[in-house]
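Same order as they appear, the protein sequences are chains A and B. So for the first sequence, my numbering puts the first residue at 52; every next one is plus one. So for the second sequence, my numbering puts the first residue at 1072; every next one is plus one. Where a beta carbon is used, it is the ideal one built from N, C-alpha and C, also for glycine. Given the structure is predicted, the values throughout are model-derived calculations rather than measurements.
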Amino acid sequence: MSTPTPRQIPDRLASPLARRLKSWEALLLAVAIAIFIANSIASPYFLDPWNLSDASFNFTEKAMIAFAMAMLIIAGDIDLSVASIIALCSTVMGVAMMAGAPVWVLVGLGLGTGLLCGAFNGLLVAGMGLPSIVVTIGTMSLFRGISYIVLGDGAFTGYPSDFSWFGQGYVWWVFSVELALFAALAVMFGLLLHGTSFGRTVYAIGNNATAARFSGIRVDRVRFILFLLTGVMSGLAAVCLTSRLGSTRPSIATGFELEVVTMVVLGGVNILGGSGSIPGVVIAALVMGLVTFGLGLLNVPGIVMSIIVGLLLIGVIALPRLWAMWRK
Amino acid sequence: MWKSREAILALAVLALLAVIASRFPAFILPGNLARVFTDTSPLIILALGQMVVILTKCIDLSVAANLALCGMIAAMLNGMGVPLPLILLIVLALGAALGAVNGLLVWKVNIPSIVVTLGTMTIYRGVIFLLTDGKWINAHQMTDGFKAFPRTSILGLPVMGWIAILTVIAVAVLVNRTPLGRAFYAVGGNPHAAVYTGISVGRTQFVAFVLSGALAGLAGYLWVARYAVAYVDIAGGFELDVVAACVIGGIAIAGGAGSVTGCLLGALFLGIVKNALPVIGISPFWQMAISGTAILIAIAFNARGQGPKGRIILKQAEHRA
């Protein structure tokens, strides 16, 4: 693969402001603003607060998972089973709902199932030392497979009306419950990654797990906790998505893992681990939400949007590298 | 050690057949086994390509989308009256070209293969939609020759099965008997050492992706011709089965280790399970969970005795102190 090259050490560092202006996050923010302006020119319906509020559902559920996924990828792992965790959580909630469980039990079961799925992944990866890519490809099949066993080609419908609050409710004016959750989680994950010693250990593990181990970090425990977090966030996304759709099918949230990973990578997180930030992921979530919503207003079909997501994923990694190669 | 792993897997496959046969003897009649093998052919062909990619420390998640796109193109060319041999050449070339896109991004731009193929997976499928506007190409829109070729029986086995056998032999020769085959193992086993022996890591990975793509293209025609239908979602999620076949077959996901025999056995294991479920009377909806469980058992089994590296270093340090 790539061989490490000696770094060029400049005579003096660029000023903090210049560095911040040249950062990936600043570039991304400029892109977000450009898309916002382009959209508002392209469609007269774009700048309506209610439309924008509806648009936020395009990214809030995925972004919840993306925050935890960002930390997991920074630590050098990946979880491809998140969409299947959603399917399993939603199925468990569906079974409980059919048995007449109250809303708080449904939510608890959703989060709890996500936690268990995350613990299962974490046990196999951190506990047994298996590679996370294959483990989560396996559990991706297993978790959704269980949903298929339970549901076959059927569906659970008829969730209680109180339950719809999570995916369809509003906290205040146009601000939905999901949007509020997104904002709160963005702040929490930002603080966790950038403001605590736990966050520093995540970077340390991603840069050099062996060195981290020698400096006294419980590497496997941290990785296990990150899988737990990703599982719980997938459970939360399952609660929101199930509540919003009002039904559970085994094919729920198909392809979410791709969009979540795209969001994280678009947010400037190094897919090989070691660097990245939560603000970057937040802006990336907004960019992806704005792009899909804008294209939706222009009547672009969903599968064409997925081409654009795929191109974005490759493009955002390829362009800076091609630019660097071209400048050499 | 490698031999014993494949022996264990072969025993597992035989045990599986024995269990099924104990209740449904008709399952192991030669005619039915030939049908199961033919049904598993696309999986075998794709798993062999995937094996070569995994040997070089990469992964190709775009194979199923590549298959679907090439299959659709084959069906469309058939509709335009292009003769079958030419169609076969075109799908091989197109599959190779789609693989080359993956390979170039991995080789020249140095993007991790999982990201590249996760992206191209959706792009290739999206392209099918752009080409067809979501329309299906059904059996009556395909010529009889186009549909009949994979089903033509030679010595009791359809052509599709023979193509899988030929692919197994070709890949086995390539991997075991040529310098390129050694390079696949060298690149995955130790990239730095490979560079010192004069092997270009990136180029070898590129070749692996081209091979995987070409095989996916071939499988695309076979798939569409056999099932006599082409649409956007054919072989959806099939890439997971392909990776599963490799992992069950003992192909090390970290690269550099694995054999054609193992890969073939892994694919056969999944193929037998898939074909046996309806016979035993278990809903086909169990298939996904079973292959997931099989993947997990296989990786746990493959990793026996390989502790995390950091721990070993620590032990050495303790010994010295």
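Buried/exposed call for residue i, threshold 16 Cβ in 10 Å
i	result
A:LEU317	buried
A:THR343	buried
B:LEU1201	exposed
B:TYR1195	buried
B:THR1249	exposed
A:MET144	buried
B:PRO1349	exposed
A:LEU280	buried
A:ASP130	buried
B:LYS1206	exposed
A:ARG272	exposed
B:GLU1389	Its pLDDT being 46, under 50, B:GLU1389 is placed unreliably by the model, and nothing is read from it.
A:THR299	buried
B:PRO1101	exposed
A:VAL176	buried
A:LYS113	buried
B:ASN1173	buried
B:VAL1240	Residue identity differs from the one stated: residue 1240 of chain B is Ile in this sequence, not Val. Result: exposed.
A:MET239	exposed
A:SER227	buried
Euclidean distance between Cα positions of residue i and residue j
i	j	result
B:VAL1090	B:VAL1314	25 Å
B:LEU1087	A:ALA335	48 Å
A:MET148	A:LEU157	7 Å
B:VAL1230	B:GLY1337	22 Å
B:ILE1115	A:LEU349	43 Å
A:ARG372	A:GLY366	10 Å
B:LEU1289	A:ILE354	25 Å
B:ALA1285	A:GLY267	49 Å
B:LEU1228	B:TRP1294	16 Å
B:MET1151	B:LYS1345	35 Å
B:LEU1176	B:LEU1311	22 Å
B:GLN1121	A:SER357	24 Å
A:ILE88	B:ASP1204	30 Å
B:ALA1257	B:ASP1131	19 Å
B:LEU1251	B:VAL1242	11 Å
A:LEU162	B:ALA1371	27 Å
A:ILE368	B:GLY1260	26 Å
A:ASP99	A:SER107	13 Å
A:ASP128	B:SER1112	33 Å
B:LEU1169	B:LYS1218	24 Å
A:MET191	A:ALA85	36 Å
B:VAL1186	A:LEU364	7 Å
A:GLU76	A:THR261	30 Å
A:ALA69	A:ALA234	28 Å
B:ILE1353	A:ALA138	22 Å
A:ILE197	B:PRO1355	12 Å
B:LEU1085	B:THR1332	15 Å
Cβ-Cβ separation, residue j to residue i (assumed contact under 8 Å), whole Å
i	j	result
A:PHE214	A:VAL154	5 Å
A:GLY361	B:THR1193	4 Å
B:GLY1014	B:LEU1126	Nothing can be reported for residue 1014 of chain B: it is not among the residues displayed for chain B, which extend from 1072 to 1392.
B:GLY1307	A:LEU193	Going by Cβ atoms, the distance from B:GLY1307 to A:LEU193 rounds to 18 Å, so no, they are not a contact pair.
B:CYS1334	B:ALA1092	So it is not a contact: roughly 24 Å between Cβ atoms.
A:GLY331	A:VAL320	7 Å
Interface residues of chain D facing residue i [CB-CB closer than 8 Å]
i	result
A:LEU337	In the structure shown, chain D does not exist; the protein chains are A and B.
Heavy atom of the ligand NAP within 8 Å of residue i beta-carbon
i	result
B:ASN1373	Because no ligand of any kind appears in the structure shown, any question about the ligand NAP cannot be addressed here.
(message) Threshold first: 3 residues or longer. Then list the beta strand (DSSP E) segments lying entirely within the segment 121-195 of chain A, N to C.
(response) As far as the segment 121-195 of chain A is concerned, it has no whole beta strand (DSSP E) run of at least 3 residues.
(request) Taking only beta carbons into account, state which residues of the segment 177-200 of chain A come closer than 8 Å to chain B, listed in chain order. (result) The segment 177-200 of chain A vs chain B, Cβ under 8 Å: MET179, GLY180, LEU181, PRO182, ILE184, VAL185, VAL186, ILE188, GLY189, THR190, MET191, SER192, LEU193, PHE194, ARG195, GLY196, ILE197, TYR199, ILE200.
(request) Determine which residues of the segment 1185-1203 of chain B have a Cβ less than 9 Å from any Cβ of chain A, and write them out in chain order. (result) For the segment 1185-1203 of chain B, the set of residues with a beta-carbon nearer than 9 Å to any beta-carbon of chain A comprises ILE1185, VAL1186, VAL1187, LEU1189, GLY1190, THR1191, MET1192, THR1193, ILE1194, TYR1195, ARG1196, GLY1197, VAL1198, ILE1199, PHE1200, LEU1201, in chain order.
(request) Can you check the segment 1288-1338 of chain B for any alpha helix (DSSP H) of at least 4 residues that lies completely inside it and give the ranges in chain order? (result) Correct list: 1309-1319.
(request) Would you list, in chain order, the members of the segment 299-322 of chain A that have their beta-carbon closer than 9 Å to a beta-carbon of chain B? (result) Under the 9 Å Cβ criterion, the segment 299-322 of chain A contributes PRO301, THR305, GLY306, GLU308, LEU309, VAL312, THR313, VAL316, ILE322.
(request) With a floor of 4 residues, list each alpha helix (DSSP H) that falls wholly inside the segment 219-248 of chain A, ordered by position along the chain. (result) As far as the segment 219-248 of chain A is concerned, its whole alpha helix (DSSP H) runs of at least 4 residues are 228-246.
(request) Check each residue of the segment 71-88 of chain A: if its Cβ is closer than 8 Å to any Cβ of chain B, include it; give the result in chain order. (result) Taking 8 Å as the cut-off between beta carbons, none of the residues of the segment 71-88 of chain A comes near chain B.
(message) Output needed in chain order: residues of the segment 347-366 of chain A with a Cβ under 9 Å from some Cβ in chain B.
(response) Going along the segment 347-366 of chain A in chain order, one finds PRO352, ILE354, VAL355, MET356, SER357, ILE358, ILE359, VAL360, GLY361, LEU362, LEU363, LEU364, ILE365, GLY366 with a Cβ nearer than 9 Å to chain B.
(message) Give the list of continuous alpha helix (DSSP H) stretches no shorter than 4 residues that lie fully inside the segment 73-120 of chain A.
(response) The segment 73-120 of chain A contains these whole alpha helix (DSSP H) runs: 75-93, 100-106.
(request) Anything in the segment 115-138 of chain A with a Cβ closer than 7 Å to a Cβ of chain B? List those residues in chain order, please. (result) Under the 7 Å Cβ criterion, the segment 115-138 of chain A contributes no residue.
(request) Could you name the residues of the segment 1159-1183 of chain B whose beta carbon sits closer than 9 Å to any beta carbon of chain A, in the order they occur along the chain? (result) The residues in question are LEU1176, LYS1179, VAL1180, ASN1181, ILE1182, PRO1183.
(request) Taking only beta carbons into account, state which residues of the segment 1349-1363 of chain B come closer than 8 Å to chain A, listed in chain order. (result) For the segment 1349-1363 of chain B, the beta-carbon criterion of a distance under 8 Å to any beta-carbon of chain A is satisfied by SER1354, PHE1356, TRP1357, GLN1358, MET1359, ALA1360, ILE1361, SER1362, GLY1363.
(message) If the cut-off is 8 Å on Cβ atoms, which residues from the segment 1237-1249 of chain B count as contacting chain A, listed in chain order?
(response) Under the 8 Å Cβ criterion, the segment 1237-1249 of chain B contributes no residue.
(request) Using a Cβ-Cβ cut-off of less than 8 Å, list which residues of the segment 1290-1311 of chain B approach chain A; keep chain order. (result) Within the segment 1290-1311 of chain B, the residues whose Cβ lies closer than 8 Å to some Cβ of chain A are VAL1303, LEU1311, listed in chain order.
(message) Please give me, in chain order, every unbroken run of the beta strand (DSSP E) with length at least 3 that falls completely inside the segment 1121-1147 of chain B.
(response) No beta strand (DSSP E) of 3 residues or more sits fully in the segment 1121-1147 of chain B.
(request) Please name the residues in the segment 201-221 of chain A whose beta-carbon is closer than 7 Å to at least one beta-carbon of chain B, in chain order. (result) Under the 7 Å Cβ criterion, the segment 201-221 of chain A contributes GLY203.
(request) Using a Cβ-Cβ cut-off of less than 7 Å, give me the residues of the segment 1317-1333 of chain B that come near chain A, in sequence order. (result) Listed by position along the chain: VAL1318, ILE1324, ALA1325.
(request) For the segment 1096-1120 of chain B, enumerate the residues whose C-beta is nearer than 9 Å to any C-beta of chain A, in chain order. (result) Shown here is that no member of the segment 1096-1120 of chain B has a Cβ falling below 9 Å from a Cβ of chain A.
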